[in-house]
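S.K.: My structure is below; once you've seen it, I'll send some questions.
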Amino acid sequence: MPKPTPARAPEGREPRMDERQASSLADILADARVWKLKDASANPSSFRPAWSTGRRALDARLPGGGWPTASLIEVLLGAPGLGEIQLFLPALVQCQRKASGDTPWLVWIAPPHEPFAPALAQEGIELARLIVVRPTTATEALWAAEQTLSSGVCAAVLLWLKGTDDRWLRRLKLAAEAGGALGVLFRPERHRFESSPAALRLLLTPGALEPQLEILKVQGGRPGPVDWLDSSVSRPPEVGSVDSIGSGSSQP
Amino acid sequence: MRSRARESATADLFTAAIPPARRTAPALGAASPPPIEDAARSRVKHLWYAAVFASWSDTEESAVRLRRLCLHALQFTPRISIEMPNALLLEIKGSVKLFGSLETLHASIDAIWSRLELAARSATAPSTLAALWLARAGKRELIEDPGALAGKLAELPVTATAWDPAKIHTLHALGVTRIGELLRLPRAGLARRFGREALIDLDVALARQAAPRRTFVPRERFRERCDFEAEIETTAYLSQALEPITDRCSRFLRERQAGVQALELRLTHRALPLTRLRFGLASVTSDRRRLADVLVHRLSQLELPAPILRMELRSGPLQPLSAASLEISAGLRGAGRDTAPQLIERLRARLGEQAVYGICAVPEHRPEAAWQRVRALQVDSALRADTARRAGAVLRTAEICEPAGARRPVWLLEQPSRLQASDLRHWRQGEAVLEEGPERIESGWWDGKGIARDYYVMRRAGGERLWVFQERQSKRWYLHGVFA
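Those protein sequences? They're chains L and S, same order as listed.
Just so we're aligned: the first sequence equals residues 0 to 251 in numbering that gives the first Met the number 0.
Just so we're aligned: the second sequence equals residues 0 to 483 in numbering that gives the first Met the number 0.
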């Protein structure tokens with residue numbers, strides 16, 4: 000159970016807050032009588048640390064300033080290969096590096112292809128702490144997902160599941176909350192208009208030149224498109240340079 | 000003994016007092032004790048008890064019997080060694096104090112053999128061979144002082160050495176019948192005639208030379224059978240019946256401070272051959288909950304081919320429990336939480352051994368060969384987050400095998416697939432762009448799976464990035480990876 004740090008929550012929620020009013024507004028928000036609507040991060044009991052996404056533009060849009068841990072994130076994909084893993088790799092690397100004590104485990108359940116070890120090693124993932132699970136059926140995949148999320152052993156679980164309905168998503172969300180793990184579920188775009196209990200829903204679609212990222216739903220934040228290939232990426236230079244080639248060429 | 004050592008040390012201070020023979024080896028300073036005294040002190044480190052069962056001659060049978068006797072003898076010392084064909088050697092130096100005196104200890108070991116109604120001859124000496132020879136000759140001697148060895152051994156017949164009959168015959172022909180006479184022979188001649196082994200044997204017997212021996216390691220397994228009164232047909236009942244057995248297995252392991260990493264369940268049917276279920280555990284354990292967990296999950300997946308008459312649970316080889324496998328930290332984290340081995344076992348028990356694996360990078364240029372599946376996950380060795388040096392090493396291998404800046408895709412296709420005509424058309428129309436490349440990979444001629452390819456990073460119209468290559472010979476285009 001992470002320590003509740005309520006003082007930090009309001010800042011993360013409203014990053015573009017006016018400096019002059021900041022102190023007084025923070026005082027008001029800290030008052031227990033002020034009821035804050037739809038703000039999960041403001042509730043001290045449910046506050047979890049967030050992992051930076053490694054992209055400033057995206058961090059600014061997420062409550063807590065990064066991926067919410069101990070919750071389920073749903074990523075809807077227009078097509079595979081739009082950089083959906085790249086979106087999470089910086090956070091995964093950071094969570095493995097910064098952890099005190101034993102390096103946390105990462106689990107990938109039913110990935111569509113083989114994860115290529117040299118690429119992940121290049122990014123800085125500790126491969127000795129990565130498990131790939133390949134269940135044969137959809138039901139077993141869901142079972143494995145629930146087990147790994149709730150085990151409390153894994154820091155992050157990446158899921159490619161088929162046949163997920165609302166009931167199962169709710170179970171996965173509860174498992175993620177119980178185990179304190181970050182669950183990332185990748186699904187095809189066609190599930191966009193289905194209801195989902197995920198704390199954060201993202202849509203990644205092919206754009207004119209570069210993939211487009213849109214926040215469909217976020218607890219304690221505003222949905223809308225994100226300029227995620229912003230030049231202000233705090234990333235290693237080799238990937239950043241490639242990103243800047245794309246964004247440099249007149250993006251709408 | 001100690002007073003003698005001190006004496007010689009003081010003697011060393013006054014170099015004039017040293018006898019001329021001693022003066023040949025004094026390159027060592029006066030501060031270090033003389034080597035001879037040092038050797039003498041180290042000699043009494045061991046005290047060997049030998050028991051010879053003279054009536055046993057059949058090698059195979061006695062090997063089995065000796066191993067069983069070792070288990071009996073383990074109550075006196077953990078260092079037991081089998082001397083084929085019919086003797087046991089026990090290193091008892093460490094146990095003397097516990098039993099009061101050497102005489103008592105020796106007598107209590109002897110008492111086991113008489114209780115088992117075995118005719119054994121025994122002796123104790125500071126060296127293995129001396130004890131053995133004395134026992135073979137039937138002299139129940141208890142020698143503690145290595146200095147007394149030569150005198151005691153001198154009376155023994157040369158047959159006590161159990162050298163091969165040809166050598167003994169030659170010795171007899173020379174008129175040598177006692178070991179004392181053997182010791183008086185010139186060493187050079189002895190070595191020439193009987194080989195260096197004979198000389199080494201004599202040195203070992205006189206405790207002049209160390210003779211390391213292989214210690215007997217008890218090979219215990221847990222094994223319990225359960226016969227059912229009526230044939231069972233459901234696995235639910237089976238797991239219920241397994242519960243007490245698992246309990247006993249765990250207790251058995253804990254008593255021995257050991258764990259197992261493999262279990263086997265054998266189910267006997269009336270007509271069909273045995274069903275064998277093998278269970279692997281992610282790490283060495285004796286935890287009842289983990290053993291039961293694996294068994295139950297696996298049994299829930301099992302379809303019985305026929306009703307079961309009998310079942311038997313067998314453990315794999317016992318392994319010592321390491322500090323990491325005790326999972327102290329797991330207890331601190333909270334009772335309900337799992338540990339990584341538990342999670343992996345549970346997944347493997349239900350999904351199959353093959354379905355759960357790790358991956359590792361291999362320093363190899365061919366992308367197909369640059370990674371491997373890892374079945375044995377390192378769950379025991381605590382991987383500290385602060386051992387960044389190791390992570391650095393992994394990175395470095397990645398850098399070595401890849402030229403600087405060459406990107407690798409997160410997904411690698413199992414088999415490179417031919418690029419479709421539509422892709423090529425898009426490309427020609429300028430909608431798909433080759434962003435990076437070519438990166439030539441030409442390797443592997445030595446094992447018949449050679450490749451010669453030019454790799455490119457291709458960006459499709461929507462922004463998807465693909466790893467494609469052109470085969471150099473056929474000029475065909477293939478898709479090999481996806482930058483996800």
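Note that the Cβ used here is the ideal one computed from N, Cα and C, for glycine as well.
The structure presented is a predicted model; accordingly, all values stated were derived computationally and were not measured.
1) What's the C-alpha gap between residue 127 of chain L and residue 102 of chain L?
2) Quick check: is the beta carbon of residue 214 of chain L nearer than 8 Å to any beta carbon in chain S?
3) Who are the neighbours of residue 356 of chain S on chain L, taking C-beta pairs under 9 Å?
4) Between the segment 408 to 420 of chain S and chain L, which residues of the former have a C-beta closer than 7 Å to a C-beta of the latter?
5) Based on the DSSP secondary-structure assignment, which residues constitute the bridge partners of residue 268 of chain S?
6) Quick check: what's the CA-CA separation for residue 113 of chain S versus residue 52 of chain S?
7) Applying the 10 Å Cβ sphere with the 16-neighbour rule, what's the burial state of residue 211 of chain L?
8) For chain S, find out if any of its Cβ atoms is closer than 8 Å to the Cβ of residue 217 of chain L; answer yes or no.
9) Tell me which same chain residues have a C-beta within less than 6 Å of the C-beta of residue 193 of chain L, skipping the five on either side of it?
10) Strictly under 8 Å for the Cβ-Cβ distance: is residue 278 of chain S near chain L by that measure?
11) Name, please, each residue of chain L whose Cβ falls closer than 8 Å to the Cβ of residue 215 of chain S.
12) For residue 279 of chain S, write down the residues that DSSP places opposite it in a beta bridge.
13) Are any of the Cβ atoms in chain L nearer than 8 Å to that of residue 290 of chain S?
14) Measure the beta-carbon distance from residue 50 of chain L to residue 25 of chain L and round it to whole angstroms, keeping in mind my assumption that it falls under 8 Å.
15) Starting from residue 127 of chain S, trace the alpha helix (DSSP H) both ways and give me its first and last residue.
16) Going by DSSP, what residue range makes up the alpha helix (DSSP H) through residue 93 of chain L?
17) Name the chain S residues that come within less than 7 Å of residue 143 of chain L, Cβ to Cβ?
18) Quick one: what does DSSP say residue 180 of chain L is sitting in, helix, strand or coil?
19) For the alpha helix (DSSP H) containing residue 105 of chain S, list its first residue and its last residue.
20) In the DSSP assignment, what are the bridge partners of residue 49 of chain S?
21) Taking the beta strand (DSSP E) that residue 204 of chain L belongs to, which residues open and close that run?
22) Pop quiz: residue 168 of chain S and residue 141 of chain S are said to be a contact at Cβ under 8 Å. What is the actual Cβ separation, rounded to whole angstroms?
23) Return the CA-CA distance between residue 314 of chain S and residue 215 of chain S, expressed in angstroms with no decimal places.
24) Can you name, in chain order, every residue of its own chain whose Cβ lies under 7 Å from the Cβ of residue 224 of chain S, other than the five neighbours on each side?
25) What do you get for residue 221 of chain L, buried or exposed, if any count of 16 or more other CB atoms within 10 angstroms of its CB means buried?
26) Taking beta-carbon pairs under 8 Å, can you tell me which members of the segment 137 to 161 of chain L lie near chain S?
27) Under 8 Å, Cβ to Cβ, is there at least one residue of chain S near residue 126 of chain L?
28) Are there three or more Cβ pairs, one per stretch, closer than 8 Å when the segment 403 to 423 of chain S is compared with the segment 459 to 476 of chain S?
29) By alpha-carbon positions, which one of S:164, S:123, S:289 ends up nearest to residue 101 of chain S?
30) Nearest CA to the CA of residue 297 of chain S: which residue from S:351, S:474, S:255?
31) Quick check on the DSSP output: the alpha helix (DSSP H) that includes residue 120 of chain L runs from which residue to which?
32) Can you name the residues of chain B whose CB is closer than 7 Å to the CB of residue 462 of chain S?
33) So, is residue 236 of chain S buried or exposed, given that buried needs 16 or more other C-beta atoms within 10 angstroms?
34) Once DSSP output is grouped into helix, strand and coil, what is the label at residue 77 of chain S?
35) According to DSSP, is residue 142 of chain S helix, strand or coil?
36) Consult DSSP for residue 193 of chain L and reduce its assignment to one of helix, strand or coil.
M.R.: In short, the structure shows the following:
1) Stepping through the first sequence from its first residue, residue 127 of chain L is reached at position 128. Stepping through the first sequence from its first residue, residue 102 of chain L is reached at position 103. Whole-angstrom Cα-Cα distance: 9 Å.
2) Walking along the first sequence from the start, residue 214 of chain L turns up at place 215. Residue 214 of chain L does not count as touching chain S.
3) Position 357 of the second sequence, counted from the start, is the residue given in the question as residue 356 of chain S. Those are 130, 131, 132, 133, listed as they occur along chain L.
4) For the segment 408 to 420 of chain S, which is checked against every Cβ of chain L, the residues closer than 7 Å are 408, 409, 410, 411, 412, 413.
5) One-based indexing of the second sequence puts residue 268 of chain S at position 269. S:307.
6) In the second sequence, the residue the question calls residue 113 of chain S occupies position 114. In the second sequence, the residue the question calls residue 52 of chain S occupies position 53. Looking at the two C-alpha atoms, the distance is approximately 12 Å.
7) In the first sequence, counting from the first residue as 1, residue 211 of chain L sits at position 212. That one is buried.
8) On the first sequence, residue 217 of chain L is found 218 positions in, with the first residue counted as 1. Cβ-Cβ to chain S under 8 Å: no for residue 217 of chain L.
9) The count along the first sequence starts at 1 and reaches residue 193 of chain L at position 194. No residues qualify anywhere along the chain.
10) Residue 278 of chain S sits at position 279 when you count from the first residue of the second sequence. Not an interface residue.
11) Translated into positions along the second sequence, residue 215 of chain S becomes position 216. In chain order: nothing, as chain L lies at least about 36 Å away.
12) Within the second sequence, the letter at position 280 stands for residue 279 of chain S. S:261.
13) Residue numbering aside, residue 290 of chain S sits at position 291 when the second sequence is read from its first letter. No, its Cβ sits nowhere closer than 8 Å to a Cβ of chain L.
14) Against the first sequence, residue 50 of chain L aligns to sequence position 51. Against the first sequence, residue 25 of chain L aligns to sequence position 26. At roughly 24 Å, the Cβ-Cβ gap does not stay under 8 Å, so residue 50 of chain L and residue 25 of chain L are not in contact.
15) On the second sequence, residue 127 of chain S is found 128 positions in, with the first residue counted as 1. 127 to 135 is the extent of the alpha helix (DSSP H) around residue 127 of chain S.
16) For this step, residue 93 of chain L is matched to residue 94 along the first sequence. That run of the alpha helix (DSSP H) goes 83 to 97.
17) For the purposes of this step, residue 143 of chain L is taken as the residue at position 144 of the first sequence. Ordered by position in chain S, the residues that pass the 7 Å Cβ test against residue 143 of chain L are 346, 350.
18) Here residue 180 of chain L is taken as the residue at index 181 of the first sequence, counted from 1. Residue 180 of chain L falls in the coil class under three-state DSSP.
19) Within the second sequence, the letter at position 106 stands for residue 105 of chain S. Taken as a continuous stretch (DSSP letters only), the alpha helix (DSSP H) holding residue 105 of chain S covers 101 to 114.
20) What you label residue 49 of chain S is simply residue 50 of the second sequence in a count that begins at 1. Bridge partners of residue 49 of chain S: S:88, S:122.
21) Walking along the first sequence from the start, residue 204 of chain L turns up at place 205. Per DSSP, residue 204 of chain L belongs to the beta strand (DSSP E) from 199 to 204.
22) Counting from one through the second sequence, the residue named residue 168 of chain S turns up at place 169. Counting from one through the second sequence, the residue named residue 141 of chain S turns up at place 142. Contact flag wrong, Cβ pair sits at about 32 Å.
23) Within the second sequence, the letter at position 315 stands for residue 314 of chain S. Within the second sequence, the letter at position 216 stands for residue 215 of chain S. Taking the Cα positions, residue 314 of chain S is about 20 Å away from residue 215 of chain S.
24) One-based indexing of the second sequence puts residue 224 of chain S at position 225. Taken in chain order, the residues that qualify are 309, 311.
25) Position 222 of the first sequence, counted from the start, is the residue given in the question as residue 221 of chain L. By the 10 Å Cβ count, residue 221 of chain L comes out exposed.
26) Residues of the segment 137 to 161 of chain L whose Cβ lies closer than 8 Å to any Cβ of chain S, in chain order: 139, 142, 143, 146, 147, 150, 151, 152, 153.
27) The residue labelled residue 126 of chain L in the question sits at position 127 within the first sequence. A Cβ of chain S is located within less than 8 Å of the beta carbon of residue 126 of chain L.
28) Counting C-beta pairs with one atom in each stretch, the segment 403 to 423 of chain S and the segment 459 to 476 of chain S have three or more that are closer than 8 Å, which means they touch.
29) Looking up residue 101 of chain S in the second sequence gives position 102. Comparing Cα positions, the closest option is S:123.
30) Position 298 of the second sequence holds residue 297 of chain S. It is S:351 whose Cα lies nearest to the Cα of residue 297 of chain S.
31) For the purposes of this step, residue 120 of chain L is taken as the residue at position 121 of the first sequence. If you look at residue 120 of chain L, you'll find it in the alpha helix (DSSP H) that goes 116 to 122.
32) Structure shown: chain B not included; protein chains present are L and S.
33) Position 237 of the second sequence holds residue 236 of chain S. So residue 236 of chain S ends up on the exposed side.
34) Here residue 77 of chain S refers to the residue found at position 78 of the second sequence. In this structure, residue 77 of chain S counts as coil in the three-state DSSP scheme.
35) Position 143 of the second sequence, counted from the first residue, corresponds to residue 142 of chain S. Here residue 142 of chain S sits in coil by DSSP.
36) Along the first sequence, read from residue 1 onward, the residue named residue 193 of chain L stands at position 194. Assignment of residue 193 of chain L by DSSP, reduced to helix, strand and coil, places it in the coil class.
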